[in-house]
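Numbering (this note's numbering), first residue to last: 4 to 79. The C-beta atom is built at its ideal place from N, Cα and C for all residues, glycine as well. A quick write-up on the structure given underneath.
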């Protein structure tokens, strides 16, 4: 599953759709987020919450969750 920035922000801000998105993410075999989306979500959260957020604390980087560099994924 490729995670969209709006879905991730909805989960992090506990919006109405958050429970559905969390369920779908949990059920997915893999979770991927583009480096651009990761940066976008980090900037949105920083703009809303300031220095309390720092970096996005989502556990991407293990076998099920990856941050994808768009140029590398095209080359694969």
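Buried or exposed by the 16-neighbour rule on C-beta atoms within 10 Å, applied to residue i
i	result
residue 6	buried
residue 40	buried
Residue i versus residue j: straight-line alpha-carbon distance, rounded
i	j	result
residue 22	residue 28	10 angstroms
residue 30	residue 46	27 angstroms
residue 33	residue 26	13 angstroms
Alpha helix (DSSP H) segment containing residue i, residue limits
i	result
residue 12	8–15
Candidates the options: closest to residue i by CA position
i	options	result
residue 52	25, 16 and 10	16
At 4 residues or longer, what runs of the alpha helix (DSSP H) sit wholly inside the segment 18–50? As far as the segment 18–50 is concerned, its whole alpha helix (DSSP H) runs of at least 4 residues are 21–30.
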